[in-house]
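Using UniProt numbering, the first residue of the sequence shown is number 1, and each one after it goes up by one.
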Amino acid sequence: MDVSLTSHQDFTPPFEPFNSFDICPLSARHTSVVIYPEQHSSETPISAAIHTSSLVHRHQARTVCSGAMSKPSSSASLLLLLLSAATLAATCLADPEPVQDFCVAAQRGSDATASLAFPGLPCKPASTVVSDDFFFAAHARAASTDNPAGAGVTPGNVEAFPGLNTLGLSLNRVDLAPGGVNPLHTHPRAAELVHVEEGEMLVGFVSTDGRFYSKVVRAGESFVIPRGMMHFQYNVGAAAARAMTVFNSQLPGVVLAAQSLFGAEPEVPDAVLAKSFQVDAEIIKLLKSKFRKG
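Here you go:
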């Protein structure tokens, strides 16, 4: 196995973060480590593991901050770093890479001849795929904001847009009335890029150490939310606001904080919620009444 250093800074695989987020200063983004696999007749278990993982993500690199490279490392430490990176490479993506040109999702149970996809939904037979399978018009219409939150979300995930199947991509339209909020929620399987197209929104998230990051984002501006962080969008303007939110997963999932805690079925015990929020059980009952279905 040949290990070398290169100056590519646009050749970075999406390694799984070990913290809420990891930002390198712009001045430090100059050095990357690239693993070039070479198969040998007498591989050790370690080199075999590196080679196997490298085959999954060939010739990949990760940007290394200059601070991490400021001191020379021993060859053993470098080998451990490379082994860890190579072993994790196979599981680092939000959605694994597709293995065909496209895999338009077949409706469940609608096509007995559909082929399997891993991951994702079964594929329509390629012979039945048409141009409209790659077209989605639902985002051209505003979602209703006539609800207590003053928010409407039009999903554009694989369940609504079958052409996204296996592509590792989805996007939603978010409409907010003045004072409306897309309530606190998380996406367990994807990071989110919020791009405001109209109006202005306060966009924020809370990291795992309890720190709150936020910014008022105006038309033409964007804000990124790391994967799994609790976040929201809040219309702070006097007029309606609209944003497109892009995810690096075909089905990012959504966990609404209040709905999950106070509207779960079967119910989360009152005593658990009362102790968790350090309030009286009667307050928990009141909150549950706001989210009870039916």
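Virtual Cβ for every residue (Gly too), placed ideally from N, Cα, C.
Treat the numbers as computed from the prediction; the structure is a model and nothing was measured.
Requested in this report: Spell out the partners DSSP gives Lys215 in its beta bridges.
Outcome: Against the sequence shown, residue 215 aligns to sequence position 215. Its beta-bridge partners are Val203.
Query raised in the report: If we call anything under 9 angstroms between Cβ atoms a contact, is Val181 one with Phe232?
Result: On the sequence shown, position 181 is the one that residue 181 refers to. On the sequence shown, position 232 is the one that residue 232 refers to. Result yes, Cβ atoms of Val181 and Phe232 sit closer than 9 angstroms.
Requested in this report: Would you kindly work out how many angstroms separate the C-alpha atoms of residue 373 and Ala240, rounded to a whole number?
Outcome: As displayed, the chain neither begins before 1 nor continues past 294, which places residue 373 out of reach and without an answer.
Report task. Run through the UniProt domain "Cupin type-1" (135-285) for me and flag every whole beta strand (DSSP E) of 3 or more residues, listed as ranges in chain order. Result -> Every beta strand (DSSP E) stretch that sits fully inside the UniProt domain "Cupin type-1" (135-285) and reaches 3 residues is listed by chain position as 151-154, 170-176, 181-186, 192-198, 200-206, 212-218, 222-225, 230-235, 241-247.
**Report entry** For Ala105, the three-state DSSP class (helix, strand or coil)
**Finding:** Locating residue 105 in the sequence shown gives position 105, counting from the first residue. Correct three-state label for Ala105: strand.
Query raised in the report: On the three-pair Cβ rule with 8 angstroms, is the segment 138-148 touching the segment 171-186?
Result: yes
Query - Residues near Gly237 by beta carbon distance below 7 angstroms, same chain, minus five either side - result: To locate residue 237, count along the sequence shown from 1; it is residue 237. Answer for Gly237: Pro178, Gly199, Glu200, listed in chain order.
Report task. Have a look at Met230, Cys123, Ala219, Ala264 and flag the residue whose alpha-carbon is nearest the alpha-carbon of Gln107. Result -> Start at 1 with the first residue of the sequence shown, and residue 107 comes out as number 107. Nearest option by C-alpha distance: Cys123.
Query raised in the report: So, do the segment 208-222 and the segment 158-168 have three or more beta carbon pairs nearer to each other than 8 angstroms?
Result: no
Query raised in the report: Out of Arg292, Asp209, His195, which has the shortest C-alpha to C-alpha gap to Ile203?
Result: By 1-based counting over the sequence shown, the position of residue 203 is 203. In the sequence under discussion, the amino acid at residue 203 is Val, which differs from the Ile named in the question. Residue His195 is the option with its Cα nearest to Val203.
Query - Given His185 as reference, the closest of Pro226, Asn165, Gly156 once Cα atoms are compared - result: Position 185 of the sequence shown, counted from the first residue, corresponds to residue 185. Out of Pro226, Asn165, Gly156, Pro226 has the C-alpha closest to the C-alpha of His185.
Query - Straight-line Cα distance separating Ser75 from Val254 - result: On the sequence shown, position 254 is the one that residue 254 refers to. On the sequence shown, position 75 is the one that residue 75 refers to. If you draw a straight line from the Cα of Val254 to the Cα of Ser75, it comes to about 43 angstroms.
Report task. Have a look at Ser214 and Phe134 and give me their C-alpha separation to the nearest angstrom. Result -> Taking the sequence shown and counting its residues from 1, the one referred to as residue 214 is at position 214. Taking the sequence shown and counting its residues from 1, the one referred to as residue 134 is at position 134. Between Ser214 and Phe134, the C-alpha separation is close to 35 angstroms.
Query raised in the report: Buried or exposed: which applies to Arg242, given that a residue is buried once 16 or more other Cβ atoms fall within 10 Å of its Cβ?
Result: Start at 1 with the first residue of the sequence shown, and residue 242 comes out as number 242. Buried: at least 16 other Cβ atoms inside 10 Å.
Query - Cβ-Cβ separation, Leu171 to Met244 (assumed contact under 8 angstroms), whole Å - result: In the sequence shown, counting from the first residue as 1, residue 244 sits at position 244. In the sequence shown, counting from the first residue as 1, residue 171 sits at position 171. About 6 angstroms separates the two Cβ atoms, so the contact holds.
Query raised in the report: Out of curiosity, what's the CA-to-CA distance linking Lys288 and Glu282?
Result: Here residue 288 corresponds to residue number 288 of the sequence shown, with the count starting at 1. Here residue 282 corresponds to residue number 282 of the sequence shown, with the count starting at 1. Taking the straight line from one Cα to the other gives about 10 angstroms.
Requested in this report: Within 10 angstroms of the Cβ of Asp95, are there 16 or more other Cβ atoms? Answer buried if so, exposed if not.
Outcome: Working through the sequence shown from its first residue, we reach residue 95 at position 95. It is buried - the Cβ of Asp95 has at least 16 other Cβ atoms within 10 Å.
Query - Best match in Ala190, Gly156, Leu251 for proximity to Phe136 [C-alpha to C-alpha] - result: Taking the first residue of the sequence shown as position 1, residue 136 is located at position 136. For the residues Ala190, Gly156, Leu251, the minimum Cα distance to Phe136 belongs to Gly156.
Query raised in the report: Roughly how many angstroms separate the alpha carbons of Gln259 and Leu273, rounded to a whole number?
Result: Numbered from its first residue, the sequence shown carries residue 259 at position 259. Numbered from its first residue, the sequence shown carries residue 273 at position 273. Straight-line Cα distance between these residues: approximately 13 angstroms.
Query - Sequence-distant residues of the same chain with beta carbon closer than 8 angstroms to Lys293, five excluded per side - result: On the sequence shown, residue 293 is found 293 positions in, with the first residue counted as 1. Only Gly263, Glu265 meet the Cβ criterion.
Query raised in the report: Going straight from the alpha carbon of residue 309 to that of Ala151, what length do you get?
Result: What is shown of the chain runs 1 to 294, which leaves residue 309 out entirely.
Query - Expected contact under 8 angstroms - CB spacing of Arg189 and Pro125 to nearest Å - result: Translated into positions along the sequence shown, residue 189 becomes position 189. Translated into positions along the sequence shown, residue 125 becomes position 125. With a Cβ gap of about 28 angstroms, Arg189 and Pro125 do not count as contacting.
**Report entry** Residue nearest to Val104 in terms of C-alpha spacing, selected from Val129, Leu80, Leu81
**Finding:** Position 104 of the sequence shown, counted from the start, is the residue given in the question as residue 104. Nearest of Val129, Leu80, Leu81 to Val104, Cα basis: Val129.
Query raised in the report: So, using beta-carbon positions, are Val246 and Glu197 closer together than 9 angstroms?
Result: On the sequence shown, residue 246 is found 246 positions in, with the first residue counted as 1. On the sequence shown, residue 197 is found 197 positions in, with the first residue counted as 1. Their beta carbons are not under 9 angstroms apart, which means Val246 does not touch Glu197 by this criterion.
**Report entry** Residue burial classification, Gln250 (beta-carbon count within 10 angstroms, cutoff 16)
**Finding:** Residue mapping note: residue 250 aligns to position 250 of the sequence shown, counting from 1. Under this definition Gln250 is a buried residue.
Report task. Please report how far the alpha carbon of Asn248 lies from the alpha carbon of Glu97, in whole angstroms. Result -> Indexing the sequence shown from 1 puts residue 248 at position 248. Indexing the sequence shown from 1 puts residue 97 at position 97. Looking at the two C-alpha atoms, the distance is approximately 12 angstroms.
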